[in-house]
Structures are given as structure tokens and as C-alpha cells.
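> Count the sequence shown with the numbering used here and you get residues 1401 to 1467, in order.
Ideal placement from N, C-alpha and C gives every residue a C-beta, glycine not left out.
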Amino acid sequence: MPGRTGSDLKPETIGRLAKIENIVAVKEATGDLSRLPLIKQLAGEDFIFLSGDDATGFESMKLGGQG
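Shown next, in the form of C-alpha cells:
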């Protein structure tokens, strides 16, 4: 949750982490929904994308996020 921690995982890093069997989701709170298509492309369609911010939750679901 970069907005609260000052840390950010780049889409490419999330894509690499998604290949690890025990990592099945990411809670994304950058507020930059333009990253979602790239994350889904790099991580795969089965990887779960959760919005970490109420203000972007609905929009992220419209773009393929799960919550």
C-alpha cells in the first residue's frame, strides 16, 4: 500500500512474484489504475488484484480487479 508506506512494487516485480506458487494476489493502493492491465498481463489472468483504496475499488473491478 504505497500511499501509506511510501513503498511501491513495480508491475514487473508483481509479475515475477506472481510466478511463486504461494503468492496469489496483490493489494494495490497506488491509486494509479492505469497499471492494472499491465499487471494482469505480466501476472496472468488468474492472479488476484485487490484495490487497497475504497475510492478506486469500483473502478478497479471494472478493469478486471476482484475487489
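With which residues is S1451 paired in a DSSP beta bridge?
E1428
> Which same chain residues end up closer than 8 Å to A1455 when comparing Cβ atoms and leaving out the 5 residues on each side of it in sequence?
G1431.
> Candidates E1428, M1461, I1448: which alpha carbon is nearest E1421's?
I1448
> L1442: which of M1461, G1467, E1459, V1426 sits nearest, CA to CA?
V1426
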